[in-house]
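Below you'll find the structure, written out as structure tokens, and then a few comments.
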Amino acid sequence: MELRTFGQSGVQVPIIGMGTWQTLDVRGEAAEANARSIVDAALDAGANFFDSSPMYGQAERVLGKTLDGRRDKAFVATKVWASTTDEGRKQIANALRYYGNRVDLYQIHNLLAWRDQLMQLEQLKADGRVGIIRATHYSPSAFDELSRVMKTGRIQAIQVPYNPLEREVEQHILPLAADLNLGVVVMRPFGEGRLMRNPPSAADLLPLKPFSINTWAQALLKWILSDPRCHVAIPATSKASRMTENAVVQAPWFGDDQRKLVAKLASR
Ligand SMILES: NC(=O)c1ccc[n+]([C@@H]2O[C@H](COP(=O)([O-])OP(=O)(O)OC[C@H]3O[C@@H](n4cnc5c(N)ncnc54)[C@H](OP(=O)(O)O)[C@@H]3O)[C@@H](O)[C@H]2O)c1
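Everything in the sequence shown is counted per my numbering, starting at 164 for the first residue and increasing by one.
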């Protein structure tokens with residue numbers, strides 16, 4: 164698994180990680196065993212960057228359980244999603260309990276009460292219980308505010324949506340992140356699954372064979388990671404075999420022609 168330097172933090176992160184929204188929001192023995200198998204596949208492939216949030220129901224807890232006994236093998240990125248300091252404090256206490264008293268990357272989810280939450284996270288960073296602080300928003304309508312937070316100099320990374328059908332970050336957010344040397348995590352690489360509903364045929368993907376592309380999922384991930392301003396993409400899946408498939412993306416990276424082809428196939 165290729166590693167990239169995560170902006171000014173200097174931390175090395177794998178280019179493929181794993182989202183947990185919906186896929187790890189599960190209860191019960193069988194479902195949790197399946198969650199464990201997906202996490203096993205991610206760890207086996209070196210895709211050990213895990214993204215969660217208290218917004219994702221059971222996902223934070225289930226992720227913590229699957230990492231029990233091997234927490235040191237994972238890079239955990241979770242979020243605080245609370246409108247008050249008190250509520251944020253409770254969420255953070257839960258996460259520290261799930262993840263062995265340390266969260267490698269703490270994010271302010273959807274910029275909710277970001278001034279208050281940022282103060283708490285800065286304190287935890289000073290105590291060594293949080294590694295990197297990041298802000299995230301899924302909606303372009305919030306990108307002006309996200310830019311303002313980025314310019315405060317108080318966050319070291321962002322998480323944003325980016326795929327061939329959601330390219331708004333190309334206008335201001337990615338150039339600003341590069342100027343400020345911030346880590347960039349890409350959510351929704353498959354457009355929440357929308358891009359996978361009508362995948363191109365094997366024949367359509369043939370020109371991408373020299374780039375070690377065997378599946379449409381790999382083409383989409385390579386499209387994202389061929390932009391060097393993006394450091395890690397976090398596809399989510401409920402199937403261990405797909406985690407393995409997603410994690411094999413590596414150099415050589417696409418040039419303009421291949422990126423244009425993938426964008427064309429995505430918008431059919
Ligand atoms: N959506 C948001 O607004 C949002 C916001 C903040 C953060 N995030 C973070 O970003 C992560 C990723 O985004 P996302 O979960 O919205 O969606 P996504 O990763 O773009 O797409 C997930 C969908 O793709 C399918 N999939 C995964 N690998 C596949 C493969 N190899 N072949 C075919 N289908 C495949 C999954 O279906 P199967 O389960 O059937 O494989 C699932 O339906 C989230 O889990 C979360 O951690 C998302």
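Note that CB positions come from ideal geometry on N, CA and C, so glycine has one too.
Inter-residue CB distance, residue i and residue j (contact presumed, cutoff 8 angstroms)
i           : j           : result
residue 284 : residue 321 : At roughly 14 angstroms, the Cβ-Cβ gap does not stay under 8 angstroms, so residue 284 and residue 321 are not in contact.
residue 351 : residue 329 : 7 angstroms
residue 211 : residue 205 : 6 angstroms
residue 177 : residue 209 : 5 angstroms
residue 251 : residue 279 : 7 angstroms
residue 366 : residue 186 : Going by Cβ atoms, the distance from residue 366 to residue 186 rounds to 30 angstroms, so no, they are not a contact pair.
residue 380 : residue 408 : 6 angstroms
residue 387 : residue 349 : 5 angstroms
residue 270 : residue 298 : 6 angstroms
residue 276 : residue 246 : 5 angstroms
Beta carbon of residue i nearer than 9 angstroms to that of residue j
i           : j           : result
residue 257 : residue 224 : yes
residue 179 : residue 402 : no
residue 239 : residue 281 : no
residue 327 : residue 430 : yes
residue 222 : residue 248 : no
residue 319 : residue 413 : no
residue 394 : residue 167 : yes
residue 232 : residue 265 : no
residue 417 : residue 375 : no
residue 338 : residue 392 : yes
residue 372 : residue 425 : no
residue 235 : residue 181 : no
residue 203 : residue 229 : yes
residue 363 : residue 421 : no
residue 313 : residue 296 : no
residue 368 : residue 377 : yes
residue 164 : residue 410 : yes
residue 353 : residue 331 : no
residue 309 : residue 300 : yes
Under the three-state DSSP convention, the category residue i falls into
i           : result
residue 373 : helix
residue 366 : helix
residue 396 : strand
residue 142 : As shown, the chain starts at 164 and ends at 431. That puts residue 142 outside it, with no answer to give.
residue 338 : helix
residue 332 : helix
residue 202 : helix
residue 425 : helix
residue 182 : strand
residue 177 : strand
residue 322 : strand
residue 347 : strand
residue 214 : strand
residue 172 : helix
residue 225 : helix
residue 430 : coil
residue 207 : helix
residue 385 : helix
residue 357 : helix
residue 401 : coil
residue 194 : helix
residue 233 : coil
residue 380 : helix
residue 420 : helix
CB contact below 9 angstroms: residue i versus chain C
i           : result
residue 306 : The structure shown contains no chain C, having only a single protein chain.
Report the start-end ranges of each beta strand (DSSP E) in the stretch 237 to 320 that is 3 residues or longer and not cut off at the edges. 238 to 243, 266 to 272, 293 to 299
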